[in-house]
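Input: a single structure, listed below in structure tokens.
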């Protein structure tokens, strides 16, 4: 029997932040706040299939395997600003793949957004592709106890 893997045709952004009792609780709660807390994340290596279109966020059934490229950061340094961001680069040629870049750091949102945009531009440059547009999602928080930030691009069918 031949098994076929379906290629995603849609994508959407998710993001969340949370405080928690432990680092894992904080991360888990940030996933809940992003709307994907009851799913199984399958981390991707950041390629958007050709002709993949942005869609409104959908409700994904609990327990689903969710293809996602994401950035996250957890910190227990009180008062620290932490941020995570993702950027999607869309090719001028719809028949070519797009690109997702992810980045997180103890930095302000605007720094993270600038960095992921530059990462996409560089990725397109060394692929010798023309960049049509860049879309971003960024989130930040100031740590009170133990905090997490999470942004992602879900690829869906």
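Numbering (my numbering), first residue to last: 7 to 163. Yeah, the Cβ is synthetic: ideal placement off N, Cα and C, and Gly gets one too.
Euclidean distance between Cα positions of residue 29 and residue 17: Position 23 of the chain shown, counted from the first residue, corresponds to residue 29. Position 11 of the chain shown, counted from the first residue, corresponds to residue 17. Between the C-alpha atoms of residue 29 and residue 17 there is a straight-line separation of about 28 Å.
Test item: CB-CB of residue 36 and residue 22 under 7 Å: Within the chain shown, numbered from 1, the residue matching residue 36 stands at position 30. Within the chain shown, numbered from 1, the residue matching residue 22 stands at position 16. Yes, the Cβ-Cβ distance between residue 36 and residue 22 is below 7 Å.
Contact the stretch 67-75 vs the stretch 34-52: 3+ CB pairs below 8 Å: With the cut-off at 8 Å, the stretch 67-75 and the stretch 34-52 touch.
Close-in-space but distant-in-sequence residues of the same chain around residue 101 (CB under 6 Å, 5 per side omitted): Stepping through the chain shown from its first residue, residue 101 is reached at position 95. Excluding sequence neighbours, residue 101 sits near 56.
Contact set for residue 107: own chain, Cβ-Cβ below 6 Å, skip 5 residues either direction: Within the chain shown, numbered from 1, the residue matching residue 107 stands at position 101. Only 93, 122, 125, 126 meet the Cβ criterion.
Limits of the beta strand (DSSP E) - the one that residue 24 falls within: As a working mapping, residue 24 is identified with position 18 in the chain shown. Segment 16-25, the beta strand (DSSP E) holding residue 24.
CB contact flag (residue 114, residue 157, <7 Å): On the chain shown, residue 114 is found 108 positions in, with the first residue counted as 1. On the chain shown, residue 157 is found 151 positions in, with the first residue counted as 1. No, the pair does not count as a contact, with Cβ atoms beyond the cut-off.
Three-way DSSP call (helix, strand, coil) for residue 38 in this model: Counted from its first residue, the chain shown places residue 38 at position 32. Residue state, collapsed to three classes: helix.
For residue 26, the nearest candidate out of 149, 53, 128, 159 (CA to CA): Locating residue 26 in the chain shown gives position 20, counting from the first residue. When each option's Cα is compared against that of residue 26, the closest is 149.
7 Å Cβ cutoff met for residue 96 and residue 128: To locate residue 96, count along the chain shown from 1; it is residue 90. To locate residue 128, count along the chain shown from 1; it is residue 122. Going by C-beta atoms, residue 96 is not nearer than 7 Å to residue 128.
Unbroken alpha helix (DSSP H) run spanning residue 57, endpoints: As a working mapping, residue 57 is identified with position 51 in the chain shown. Run containing residue 57: none; DSSP gives neither H nor E here.
Residue 67 vs residue 161 beta-carbon contact at 7 Å: The residue given as residue 67 occupies position 61 in the chain shown. The residue given as residue 161 occupies position 155 in the chain shown. Not in contact: residue 67 and residue 161 (Cβ atoms no closer than 7 Å).
For residue 78 and residue 154, the rounded distance between their alpha carbons: Within the chain shown, numbered from 1, the residue matching residue 154 stands at position 148. Within the chain shown, numbered from 1, the residue matching residue 78 stands at position 72. Looking at the two C-alpha atoms, the distance is approximately 7 Å.
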